[in-house]
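**Student:** Pasting a structure here, questions to come.
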Amino acid sequence: YETRALNILQSGYVPIEYERTQENIDFLRQKFLSFLQSHAMAVTKFINKLPGFDRLDKRDMNAMMNDNFFPILGYRSYKLFLEDDCFLMLDENIQYDKKVVSLIFGDEIQKKGFDYSFRIRSFKLTEVEVALSAAFILTTFSKNLSNMDLVKELNEYYGRALYYAFTLNKRNRDFIENYIGELCKFPQMNNMCLDVDYIFN
């Protein structure tokens, strides 16, 4: 996402202004749903590459992805939250900026989502910390899984690996506690986005 967005923006891209009409809302929601399909495929590939996740069955993999769909999207794009806006591109023409997000989700979800993304960005995570966090999230906040023993094993493994990465990077106790506190809000954020009436219907 980051490379693609920067290439488009560096080519002289100028954001399109969309008025708040039902036609524009429907158009942007369709574009967003198309974007989510590519995100789902990318998340599936990412999960399949994580050590130990190949032991999960397809049902549990799908449940994990659904329970953490939007938080993982946030992790894949958080570096593009800059200067009080978002520079993620839904395609070559549409920037996922504040105005577009408000049209897609509504003003309240836009504000909460952006505030949360900027809080995550403020931790200035390394690439390793991001990858380990994603694995930890997938095994922490997923529900109704058939092989909970395996999920618990993976959660403990990735939890230790994440803590080790934090230790190597000299993250102090306050950092870790604040970060885990933000992670605990992920289920609420995911449900808030999933509750929008057109998502996954």
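In full-length UniProt numbering, the protein residues as written are 1 to 201.
Don't be surprised by glycine CBs; every beta carbon is placed ideally from N, CA and C.
From a predicted model like this one, the values you see are computed outputs, not experimental measurements.
Compute every distance between the C-beta of N66 and the non-hydrogen atoms of the ligand FAD, then say whether any falls below 7 Å.
**Tutor:** No copy of the ligand FAD occurs in the structure displayed, which carries no ligand at all.
**Student:** From the DSSP output, read off the bridge partner residues of M89.
**Tutor:** Start at 1 with the first residue of the sequence shown, and residue 89 comes out as number 89. Its beta-bridge partners are Q95.
**Student:** For R76, which option in I120, D195, M148 has the closest C-alpha, if you only look at C-alpha atoms?
**Tutor:** The residue labelled residue 76 in the question sits at position 76 within the sequence shown. When each option's Cα is compared against that of R76, the closest is I120.
**Student:** Sort out for me which residues DSSP pairs F81 with in a bridge.
**Tutor:** As a working note, residue 81 is residue 81 in the sequence shown. In the DSSP output, where bridge partners are listed per residue, F81 has C86.
**Student:** With 16 as the cutoff for other CB atoms within 10 Å, does V14 come out buried or exposed?
**Tutor:** Residue numbering aside, residue 14 sits at position 14 when the sequence shown is read from its first letter. Classification for V14: exposed.
**Student:** Determine the contact status of I104 and R29, defining contact as a CB-CB distance below 8 Å.
**Tutor:** Locating residue 104 in the sequence shown gives position 104, where the first residue counts as 1. Locating residue 29 in the sequence shown gives position 29, where the first residue counts as 1. Cβ atoms of I104 and R29: closer than 8 Å.
**Student:** Report the CB separation of K31 from I94 in whole angstroms; it is logged as a contact under 8 Å.
**Tutor:** Position 31 of the sequence shown, counting from 1, holds the residue named residue 31. Position 94 of the sequence shown, counting from 1, holds the residue named residue 94. So it is a contact: roughly 6 Å between Cβ atoms.
**Student:** Tell me whether R29 sits in a helix, a strand or coil according to DSSP, three-state version.
**Tutor:** The count along the sequence shown starts at 1 and reaches residue 29 at position 29. Helix.
**Student:** Alpha carbon to alpha carbon, what distance is there between E23 and I176?
**Tutor:** Within the sequence shown, numbered from 1, the residue matching residue 176 stands at position 176. Within the sequence shown, numbered from 1, the residue matching residue 23 stands at position 23. Each residue's alpha carbon lies about 45 Å from the other.
**Student:** Residue range of the alpha helix (DSSP H) that R119 falls in?
**Tutor:** For the purposes of this step, residue 119 is identified with residue 119 of the sequence shown, where counting begins at 1. Start and end: 107-121.
**Student:** Please identify the residue among Q188, Y78, R160 whose C-alpha is closest to the C-alpha of S117.
**Tutor:** Within the sequence shown, residue 117 is the residue found at index 117, counting from 1. When each option's Cα is compared against that of S117, the closest is Y78.
**Student:** Buried or exposed, going by whether 16 or more other CB atoms sit within 10 Å of the CB of T167?
**Tutor:** The residue given as residue 167 occupies position 167 in the sequence shown. T167 should be labelled exposed.
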